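Numbering (this note's numbering), first residue to last: 61 to 258. Take a look at the structure set out below.
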Amino acid sequence: MKVGVLGIQGAVSEHVEMSRKAMQEMHIDGEVLIVKKLEQLEKIDALIIPGGESTTISSMLKRTGMFNAVIEKAKKGMGIMGTCAGSILLAKEVEGREVETLGLMDIAVSRNAYGRQIDSFECDVEIKDFDTPFHAVFIRAPVITRAWGEASVLATLKEQILMVKQNKFLALTFHPELSADTRIHKMFLNMTGSQQFS
């Protein structure tokens, strides 16, 4: 199995490290690549879109020719996990500033929803099917305001949606790569059908 981490912005090396650690713990013989070019995208089975600035990531995907290629690969079964700004790119609707998204998930997202005064915070989050809470790190986090259709809510905080799954797509507003906990990366590997590669 080959997992790609989009290397445009965000905690790229941390996602690479957590994905490798999750593969080791699951005994998956796989590879984690940093994806910056179209030819690298073509080699992977699953993609992680880290945080950063959603409009910048969107425009860079277009400039490199990867924007439409990601959508096409996703339609053919490639799994995608979007964290923080990555969740915005997966959404069908974005409230606030205009950003062209991949539009792959039945969710609406509000950018920088906690306001500038709350740049970052950490808290324990209950996630569906996890035995114990996940310690989540939020940095200028968006909020998923609605989920419909095939989207399934996996975590909320004070009635705000934090994490949603739809088919092989996973959107979350926090940064699992900044935790020592590999469970979300393992969930993503399982979702993408990693067992057939092991």
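Heads up, the beta-carbon is just placed ideally off N, CA and C, and yes, glycines get one too. As the structure is a computational prediction, the values presented were derived from the model and not from experiment.
*Nearest-angstrom Cα distance between Glu91 and Gly156?*
Those two C-alpha atoms are separated by around 37 Å.
*Note down the Cα distance separating Arg208 from Glu186, rounded to an integer number of angstroms.*
Reading off the sequence, residue 208 comes out as Trp, not Arg. As the crow flies, the alpha-carbon of Trp208 is around 21 Å from that of Glu186.
*Let me know the secondary structure DSSP gives Leu214 once reduced to three states.*
Correct three-state label for Leu214: strand.
*asked:* Please report the straight-line C-alpha distance between Leu232 and Glu85, rounded to a whole angstrom.
replied: Rounded to the nearest angstrom, the two C-alpha atoms are 22 Å apart.
*Cut-off 8 Å between Cβ atoms - residues of its own chain near Pro193, not counting five sequence neighbours on either side*: If we look at Pro193 and ignore the five residues flanking it on each side, its Cβ neighbours are Asp184, Val185, Glu186, Ile187.
*Does the Cβ-Cβ distance between Ile108 and Met83 come in under 8 Å?*
The criterion of a C-beta distance shorter than 8 Å is not satisfied by Ile108 and Met83.
*Are His195 and Ser79 touching if we call contact CB-CB under 8 Å?*
Between His195 and Ser79, the gap from beta carbon to beta carbon reaches 8 Å or more.
_Nearest residue (CA-CA) to Ala240, options His75, Val63, Pro202_ = Residue His75 is the option with its Cα nearest to Ala240.
*DSSP beta-bridge partners for Ser79?*
In DSSP, Ser79 forms no bridge with anything.
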